[in-house]
Each structure stands twice: as C-alpha cells, then as structure tokens.
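Trainee:
Chains as they are written, first to last, in the numbering used here: chain A, 1 to 188; chain B, 1001 to 1188; chain C, 2001 to 2188; chain D, 3001 to 3188.
1) Please name the residue in 2095/C, 2001/C, 2042/C whose C-alpha comes closest to that of residue 1040/B.
2) So, for residue 2137/C: in the same chain, excluding its five sequence neighbours on each side, which residues have a beta-carbon less than 8 Å away from its beta-carbon?
3) On a CA-only basis, which of 2074/C, 2021/C, 2020/C, 2038/C is nearest residue 1187/B? Give me that one, please.
4) Does the beta carbon of residue 3074/D come closer than 7 Å to any beta carbon on chain C?
5) I think residue 2100/C touches residue 2050/C, with their Cβ atoms under 8 Å apart; what is that distance to the nearest whole Å?
6) Quick check: the segment 3002-3011 of chain D against the segment 3059-3072 of chain D, are there 3 or more CB pairs under 8 Å?
7) Would you say residue 3046/D reaches chain C, if we count a Cβ-Cβ gap shorter than 7 Å as a contact?
8) On the three-state DSSP scale, how would you describe residue 3034/D?
9) If the criterion is Cβ atoms closer than 7 Å, does the pair residue 1023/B and residue 2087/C meet it?
10) Chain A partners of residue 3008/D, CB-CB under 7 Å?
11) Helix, strand or coil: how does DSSP classify residue 1185/B here?
12) Short of 7 Å in beta carbon distance, which residues of its chain neighbour residue 1114/B, apart from the five on each side in sequence? Order them along the chain.
13) Inspect the CB distances between the segment 2139-2148 of chain C and the segment 3034-3048 of chain D and report whether three or more fall short of 8 Å.
14) Say whether chain B places a C-beta atom closer than 7 Å to the C-beta of residue 2084/C.
15) Taking the Cβ atom as the reference point for each residue, do residue 3071/D and residue 3139/D lie within a distance shorter than 7 Å?
16) Can you round the beta-carbon distance between residue 3159/D and residue 3182/D to whole angstroms, since I take them to be within the 8 Å contact cut?
17) When you check each C-beta in the segment 2093-2106 of chain C against every C-beta of chain B, which residues fall closer than 8 Å?
18) Is there at least one Cβ from chain G nearer than 7 Å to residue 185/A's Cβ?
19) Is there a C-beta anywhere in chain B that falls below 7 Å from the one on residue 2110/C?
20) Cutting at 7 Å between CB atoms, please list the residues of its own chain near residue 167/A, excluding the five before and the five after it.
21) In this structure, does DSSP put residue 3087/D in helix, strand or coil?
22) Just mark residue 3153/D as buried or exposed, buried being the case when its beta carbon has 16 or more other beta carbons within 10 Å.
23) Under 7 Å between C-beta atoms, does residue 2080/C make it to chain B?
24) Just mark residue 3076/D as buried or exposed, buried being the case when its beta carbon has 16 or more other beta carbons within 10 Å.
25) According to DSSP, is residue 2/A helix, strand or coil?
26) Taking C-alpha atoms, which residue in 1013/B, 1119/B, 1143/B, 1002/B lies nearest to residue 1081/B?
27) I'd like the list of long-range same chain contacts for residue 1164/B, defined as Cβ closer than 6 Å, with 5 residues on each side in sequence excluded.
28) Helix, strand or coil for residue 3103/D per DSSP?
29) List the residues of chain A whose Cβ lies closer than 7 Å to the Cβ of residue 3015/D, in chain order.
30) Please work out which residues of its chain come closer than 7 Å, Cβ to Cβ, to residue 1052/B, disregarding the five sequence neighbours upstream and downstream, and give them in chain order.
31) Between which two residues does the alpha helix (DSSP H) holding residue 3135/D run?
32) In this structure, how does DSSP classify residue 2050/C when only helix, strand and coil are distinguished?
33) Would you say residue 3051/D faces chain A, with C-beta separation under 7 Å as the test?
34) What's the C-alpha gap between residue 1170/B and residue 125/A?
35) Going by C-alpha distance, which of 1108/B, 1141/B, 1109/B is nearest residue 1121/B?
36) Does residue 69/A come out as helix, strand or coil in the three-state DSSP assignment?
Spelled out as structure tokens, the structure:
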C-alpha cells in the first residue's frame, strides 16, 4: 500500500479506538444490587457528546483526504499530531463533565481549538495542493464544514473566555456544537 | 481511499474493538489460588452471546454495504450513529446478565430495537438507491436477514413488554435470538 | 469493499487487538518504589508466548485466505467463530501461567485444540474450493503448516491428558510449540 | 488481499492500538474534587514522547514497506517480532518516567536498541531485495532516516551506559531524540 493509504488506515483505526475507548472508561456497573440511573445516563450522555465530536472530525477528515492520492511529508506529520491531540478528547471530556470548574472547561476549550486549528491547517494544505481556483476551493470547504459553520475559531476563543467565568454555560455550548455539526453533515 | 471505503474500514475497526472489548472486561482471574468455574463459564457465556449479536450485525452490514460503491452523506451519518449504539452492547449485555431485573432487561431490549431499526433504515436506503424492481430488493433482503427472520420489530417490542413482567424469560429469548440468527447466516 | 476483503480487515483488526490486549493486561508497575523483576520477566514471557501463538495463526490465516477472492457464507461464519475462540487465548494463557494446575492447563489445551480444529476446517474448505489436484493441495498445506508440523491433533490430545497428571510438564510443551511454529514460518 | 497488504493492515492496526493504549493507561482523574495539574501534565508529556517514538517508527515503516509489493516469509516474521517489541514501549516508557532509576532507564534503552536494530534489519532486507545500485539505496535510506540521523546504534549504546550512571541525564536524551526524529520527517 502507498503511504497515503496507510495513513488513511492508521487514522481510521486510531479514530475507531478513540471512539470505543470511551465505552471502556464508562463506569456502567451494578453496585450493591442497584443501578444508579442518574450516573448511567450522565455517562451515556458524555459518551454521545465525545462520539459526535470525534465522528464529526472523522467525516471532515475523510472528505478532505479523499481529495488527493498523495500527501506531502509535512501533511503526514501534521495528521499524526492531529491524532495525538484527538486521542486526548475522551479523557478531557470526562474530566470536564465530572468536575465542571473553570480549569477543566478552559482546558477542554483549548484542546478543542488546537484540534480545529491543526485540522484546518491540514485541510488548507491539501486543498491548495489540488486546486488553484477560489471557487473550487469554496465548494470543498462547504462539503467539509457545511454552509453554516459554527466552529469558527473566534467563537471558540470566546467560549474559552466564557468558560473561565461561567464554566457551566460554556459546557452547554461545548456539548451542543459538536452534536449540531455532526447531524448537519447528513445534509447533501 | 474514497469515503465509502474509509467508512467500511472504520466500521470494521469499531466492530473488531467492540468484540474484543468484551474479553478485556471479563473478570477471568484466580482468587486465593482458586478458580470460580461457575463465574468463569457464565462470563464466557455472556461473551459468546454478545459476540454472536455483533458478528451477526457485522455480517448483515457487510452484505448491505457490498451492494454499493458510494453512499450518501445521510447514510454515512446513520452508519456512525449505528456504531455509537452498537458500542453500548457489551456494557448493556453485562448489566443485564449480572443483574437480571426488569430495568436492565428492558434497557437491553430497547437498545436492541434501536440498533435493529437504525440498521434497517440504512439497509432500506442503500437498497432503494440501487434497485427499482421489487423482486431484486427481495433477493438482497433474503441475503441479509435469511428466509426466516426472527428479529422482527414486533417480536422485539413484545419481548420488551415480557421483560418488564418476566425478566428472566425475556433474557433467555434475548440470548437465543442472536445466536440463532448468527448461525443461520452460514446457509448459502 | 467486497465481503471477503472486509472479513480480512476485520480478522486483522481483531488479531491486532488480541495481540495488544495482552500488553494492557500486563501488571508492569512500580510498587513502593521497587520493581519486581521476577514478575516483570514472567509477565513479558507470557506475553511473548501468547504473541507467538496468535502471530503464527495470523500468518497461516493470511496464507490460506490469500488463495481465494471469494468465500462462502459457511466460511465467513466459521472464521468469525475462530476469532471468538482466539479472543480467549490471552485470558487463558494468563490463567494457566499464574496458576499452573491441572484444571487451567487442560482448559488451555482444550481451547488450543478447538482453535486448531476450526482453523483446519476453514483451510480445508478454502483449499478444496480452489484446487482439485492432490499435489496442488499438498503445496498449500506445506506453505501453511511447514514441512514438520508439530501441531498435530493427536499430539495436542496427548498433551491434554499429560496436563491432567503433570500440568507443569504440559505447560512447557504448550509454551515451546507455538514459538517453534512461529519461527519456522520464516523459512521460505 | 495479498499477504503483504494484510501485513500492512495488521501493522497499522497494532500501531494505532499501541498509540491509543497509552491514553487508556493515563491516570487522568479528579480526586477529592481536585485535579493534580503537575501529575496531569507529566502524564500528557509521557504520552507525547511515546507517541512521537511510535509515530516516527510508523512513518519509517510506511516508507520502507511502500517500496515493495511482496515480502519474503523472513521479513513477515521479522516484522511481527518488531510489533511484539514495539507493543512494550508504552509500558516501559511509563516505568522509566515514574521511577527514573538506572534499571528502568537501561531497560528502556535496551528495548529502544532492539527495536531500532530489528527495523534496520527489515529495511536493509527490503531495500536489498529491490535495488542493486548503491546510490538508489542511499536515496531510500535518506527518505527513511533523514539526512542527520541521530538514532545511530553507537549513540544508543552510549546512552545505555550513561543511563547506568546518570539515569536522569539519559532520560532527557531518550525523550528528545524521538521527538526530534519525528518532527524532522516533515521535511520533504
């Protein structure tokens, strides 16, 4: 297999593991013959949020990488660094939701922004490698991010600041945005 | 790779992890120099049941997705949502078998029905995308579900109701049906 | 992708996870500022033995499945059942080595024999599907099992009996045979 | 799929799991309503170092194996043995960083050298299988190891000796070298 194909396979495998790691970490168990349903549904809720974030990124990743048959060394290294940060998402989501204080929400927000920026760098590098016309680039960007992109860098930075003063309000936004983005991908 | 191929790879990787996660969660160990064989065989039994359910779904998934070379965005999002619910199967199976009460059996039944319905939605969307003749569709449906489909939605809903009043009886059906379906796939 | 290709990918992913699960289960840690080197090397030893067994089976599996482009439903189901039993190997190896008594050694031996027999059934079905000449079949069998096949069913049954009376002696054989088979594959 | 392709898929899956195993092992949690940030950042630091080592090896592996379409049985067995040792990296990195004494640093160093030597053996075997001209071989070597190769065997042996007398100094080198190598791959 070519390096590009192996990078795709590696990315798919890493993302698949990240998704299922979260289930492994879920404390679903019977204690003293009773199930704590509040805990159970909170746990499942966290899982669904992390899942939507990672699944959304996988979709965008697949759309971008389907554009080209070869990638430069720089893109390979950037993609691996993306995977490195993405692998931290389940742990940081769990941290934020079990203890919603300013430190955990801001840390999650920073990780979120890092991942989005690295991915945009990769997307830009790949698209500029293939297209020269602005209008062609625009089409691919719409395919990746949708028409109404809510994950703008500015919004994210605003959320980090919000998280410092009102962590619970920021938490709600950090939960809604990836779910909304993920569902929005279903539009053709 | 095209997005369809990457979706296949991602699905295979997720299903492979789901299958093997169950082994990781199995409490197979020697305590005070003794092996509790009753526990050991119960644990292995739960593993086999979960395995048959997931392996059966993998088979049906592979048959359906082999029909087409491209899938719409909507099918991609539906397939990812299917994987999300499928990832909960090991935890819910363990919950139901360690504490067979009405809550756990009904929860398992609901998850079971959700997964079956999402998969049927996907199968229908893919088959209607490819075929127009009723007779062709019928052939594919037989290849997926076999001739004597026991996993009908109505039966499942009846089992959930049964599970509320007689959890242990419903448990037996929830165990037998996926094993039967899985073995039935071996018929050509 | 065709179902055969997806079965290959699924098998590879499951085997990859089985191999690395063993590392996850290894109790490598510093206790009270000290490392127990005896435990550490025993743990690594168990890992190497399980690894050789699974890697050896992966190699034979890859050789057999490379022979054909399509497989029957029966072979698909048999292969999935093979994966189910294979997934139990790390847990059973750990059980046998941490508590070398007749029960654990015999259980390991039985699992070993089940896996070998299922795999042989699959290999036979695939080879008979493709070849009609006895001499051609013979060549593939040599490619899979090597010239001096030590994993004969009879030898294994003898080892199970041996394990009942002299568990530690049988343990040594169960350790040596997969390592020897694995290394023997390197011969062209 | 051919055996070479399956070996690629298996390697990718194993490496993907090794990378994400480290996150699973990370003790990121809230204790008594407080986060220990010193521990958290040390944990993330260890993860990044292990990641760079494994990602770097994946890159070199992908470059070498993209050179050929078929590999000999000997290379298959060598590659599987490489994976076996690679799977030990997360555990050994953790051991070395949680308890930086001469034993753990030297053990890590020895594992490091074993992995590098096995990989070089594989690279050499594949390149000599394909090329006969010295100048062609040189080009591939530069693509794999970069122009300024810091991972020379001699340096590593020197570090192991250093680790015996000054474990903390050697630790710093063992941390810097894989990060530097990994980043250096981005140069075209």
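Positions of the beta carbon are idealized from the N, C-alpha and C atoms, including for glycine.
Mentor: In brief:
1) Counting from one through the second chain, the residue named residue 1040/B turns up at place 40. Minimum Cα distance to residue 1040/B is reached at 2095/C.
2) Indexing the third chain from 1 puts residue 2137/C at position 137. Cβ neighbours of residue 2137/C beyond the five flanking positions: 2127, 2128, 2131.
3) The residue given as residue 1187/B occupies position 187 in the second chain. Residue 1187/B has its Cα closest to that of 2074/C, out of 2074/C, 2021/C, 2020/C, 2038/C.
4) Counting from one through the fourth chain, the residue named residue 3074/D turns up at place 74. Yes, residue 3074/D counts as interfacial toward chain C.
5) Here residue 2100/C refers to the residue found at position 100 when the third chain is read from its first residue. Here residue 2050/C refers to the residue found at position 50 when the third chain is read from its first residue. Between residue 2050/C and residue 2100/C the Cβ distance is about 15 Å, and since that is not below 8 Å, they are no contact.
6) yes
7) One-based indexing of the fourth chain puts residue 3046/D at position 46. Judged by the 7 Å Cβ criterion, residue 3046/D is not in contact with chain C.
8) Here the question's residue 3034/D lines up with position 34 in the fourth chain. Strand.
9) Here the question's residue 1023/B lines up with position 23 in the second chain. Here the question's residue 2087/C lines up with position 87 in the third chain. Yes.
10) Locating residue 3008/D in the fourth chain gives position 8, where the first residue counts as 1. Per Cβ cutoff of 7 Å: 1, 6.
11) On the second chain, position 185 is the one that residue 1185/B refers to. Here residue 1185/B sits in coil by DSSP.
12) The sequence position of residue 1114/B within the second chain is 114, counting from 1. So the list reads 1085, once near-sequence residues are dropped.
13) no
14) The sequence position of residue 2084/C within the third chain is 84, counting from 1. Residue 2084/C counts as touching chain B.
15) Along the fourth chain, read from residue 1 onward, the residue named residue 3071/D stands at position 71. Along the fourth chain, read from residue 1 onward, the residue named residue 3139/D stands at position 139. Their beta carbons are not under 7 Å apart, which means residue 3071/D does not touch residue 3139/D by this criterion.
16) Position 159 of the fourth chain holds residue 3159/D. Position 182 of the fourth chain holds residue 3182/D. In fact, because the Cβ distance is near 18 Å, the residues do not count as touching under 8 Å.
17) 2094, 2095, 2098, 2099, 2103, 2104
18) Reference to chain G is not applicable here, since the protein chains of this structure are A, B, C and D.
19) On the third chain, position 110 is the one that residue 2110/C refers to. With 7 Å as the cut-off, residue 2110/C does not count as an interface residue toward chain B.
20) Position 167 of the first chain, counted from the start, is the residue given in the question as residue 167/A. Hits under 7 Å: 100, 101, 102, 105.
21) As a first step, residue 3087/D must be located in the fourth chain, where it is residue number 87. Three-state DSSP puts residue 3087/D in coil, outside helix and strand.
22) One-based indexing of the fourth chain puts residue 3153/D at position 153. So residue 3153/D ends up on the exposed side.
23) Translated into the one-based positions of the third chain, residue 2080/C becomes position 80. Taking 7 Å as the CB threshold, residue 2080/C lines the interface with chain B.
24) Within the fourth chain, the letter at position 76 stands for residue 3076/D. Buried: at least 16 other Cβ atoms inside 10 Å.
25) Taking the first residue of the first chain as position 1, residue 2/A is located at position 2. DSSP places residue 2/A in coil when its eight states are reduced to three.
26) Counting from 1 along the second chain, the entry for residue 1081/B is found at position 81. The option with the nearest alpha carbon to residue 1081/B is 1119/B.
27) Along the second chain, one-based indexing puts residue 1164/B at 164. Counting only Cβ-Cβ distances below 6 Å, and skipping sequence neighbours, we find 1102, 1106.
28) The residue given as residue 3103/D occupies position 103 in the fourth chain. Here residue 3103/D sits in helix by DSSP.
29) For this step, residue 3015/D is matched to residue 15 along the fourth chain. Per Cβ cutoff of 7 Å: 10.
30) Along the second chain, read from residue 1 onward, the residue named residue 1052/B stands at position 52. If we look at residue 1052/B and ignore the five residues flanking it on each side, its Cβ neighbours are 1178, 1179, 1182.
31) Counting from 1 along the fourth chain, the entry for residue 3135/D is found at position 135. Element bounds for residue 3135/D: 3134-3145.
32) The sequence position of residue 2050/C within the third chain is 50, counting from 1. Reduced to three states, the DSSP call for residue 2050/C is helix.
33) Looking up residue 3051/D in the fourth chain gives position 51. Yes - at least one Cβ of chain A is within 7 Å of the one on residue 3051/D.
34) Translated into the one-based positions of the second chain, residue 1170/B becomes position 170. Translated into the one-based positions of the first chain, residue 125/A becomes position 125. C-alpha separation (whole angstroms): 55 Å.
35) Numbered from its first residue, the second chain carries residue 1121/B at position 121. Checking every option, the nearest Cα to that of residue 1121/B belongs to 1141/B.
36) On the first chain, position 69 is the one that residue 69/A refers to. Coil at residue 69/A, not helix or strand.
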